[in-house]
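Residue numbers for the sequence shown follow numbering that gives the first Met the number 0, so the first one is 0 and each next one is one higher.
Here's the structure we're looking at; comments come further down.
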Amino acid sequence: MRTEGLRQISTKGYNYIFNPTNGFTVRCGDTMEEDPFIGPVPELADISINNVCDRGCDFCYKDSSMVGKTMSLEDYRKVLDNLPLTWQLALGGGEPTLHPDFIEILKITREEYDKVPNYTTNGTHLTGKIVAATKAYCGAVAVSYSDRDDVWIKAAKTFIDCGVKTNIHFVVSEETVQTAMNLLVDLELTPEVLGLEGLNAVVFLLYKPVGRADKAKTLTVDSAVNFLNYAFSQKGVQVGFDSCFVKHIYAAEQAGKIEVPWELLDTCESSRFSIYVSEDLEVIPCSFGCGSDYTESLREKSIKDIWIGEKFSKFREILKKDCYACPMILKAEQMQRLKEQDVWG
0 MRTEGLRQIS TKGYNYIFNP TNGFTVRCGD TMEEDPFIGP VPELADISIN
50 NVCDRGCDFC YKDSSMVGKT MSLEDYRKVL DNLPLTWQLA LGGGEPTLHP
100 DFIEILKITR EEYDKVPNYT TNGTHLTGKI VAATKAYCGA VAVSYSDRDD
150 VWIKAAKTFI DCGVKTNIHF VVSEETVQTA MNLLVDLELT PEVLGLEGLN
200 AVVFLLYKPV GRADKAKTLT VDSAVNFLNY AFSQKGVQVG FDSCFVKHIY
250 AAEQAGKIEV PWELLDTCES SRFSIYVSED LEVIPCSFGC GSDYTESLRE
300 KSIKDIWIGE KFSKFREILK KDCYACPMIL KAEQMQRLKE QDVWG
């Protein structure tokens, strides 16, 4: 349903409103005080349009490379055809701007399917045409922070100067947590030095021990609490966190370090309000579970059937029992224990 430009879904126990102009969303149950556990359809679809990238970042959870696969336009349309009531799309990779039809993808998403695309980029392959298409079709863009060069600064400044809503994505590990705090200091005290006065927000993503990532670099609870204590106390920069960070936010609150506006935060939304589709048309609750037991194929089933199917239901049951749990990590830990038992038992 649409009301004066808004997108709206209303069913028993669930009401959702999305403003495609500014990205503002509202979700509630039959009353504003009720908080639904699951939506009838995904509110957000995370779509990997390729797994191609030339940066070789050691924290890459997708293990992307220049020989990675690319989603065809035909397959991309198939994905969108399966998401008639999902209006927010997060396009990623790999490096999505390396897709040979990237501009066309942005165009058909907005003009043909009336959906709002957003994407994350490392900024190394931007062109004037890509920036113009971003401004014309996207709701927002995120630039991935990198300490190897200043490409991320130049890319973010380019988007900001063109009037594109721009965020910085920063992956926080035990190795990068101090750099994250230093970045907040720089942005709060001297944003003009970086030329990022118009930045919308810095969004911190928890380091995920999958893909090329090293488990030894996983952020510890103590480091996370100290980092959050600082991030919540500074006032000059708008900050955000992915849902994987919420367990640490809860720990910091319990330690008395921060006061949490829980109405602005949510625990894992995977399989509840969001869905991931890979470049191979694998459909998974979240992007960190490629190849997991929760994987289905869009070539075999519709997203509608997958959404209400057994595998997604099992994923949700874990979250229902423990809202701070990660079914992907729990599965990985279980497999590791089985391996150790096989070796030693």
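Ideal Cβ placement from N, Cα and C applies to all residues, glycine included.
Owing to the predicted nature of the structure, the values given are computational and were not obtained by experimental measurement.
Exclusion of the five residues before and after V163 leaves V130, T133, K134, C137, A139 and V140 as the residues of its chain whose Cβ lies within less than 8 Å of its Cβ. Going by beta carbons, S143 and H124 fall outside the 9 Å limit. Annotated three-state conformation of P41 is coil, per DSSP. In this structure L193 is in contact with I152, their Cβ atoms being roughly 6 Å apart against a cut-off of 8 Å.
A215 counts as exposed, since fewer than 16 other beta carbons sit within 10 angstroms of its beta carbon. Scanning its chain for C-beta atoms nearer than 7 Å, with the 5 sequence neighbours on each side dropped, one finds around C289 the residues S277, E281 and I283, in chain order. Note: L204 is bridge-paired with V170 in the DSSP secondary-structure output. Each residue's CA atom was taken as its position, placing L218 and R298 some 37 Å apart. Taking a 10 Å sphere around the C-beta of C161, we find fewer than 16 other C-beta atoms and assign the residue as exposed. Boundaries for L90: no alpha helix (DSSP H) harbours it, while the beta strand (DSSP E) harbouring it runs Q87 to G91, taken from the DSSP string. Put simply, of D53, L97 and I104 the residue whose alpha carbon is nearest the alpha carbon of D74 is I104. A Cβ-Cβ contact shorter than 9 Å links V115 with G22. Sorting E295, R211, L318 and Q253 by C-alpha distance to the C-alpha of L227 places Q253 at the top.
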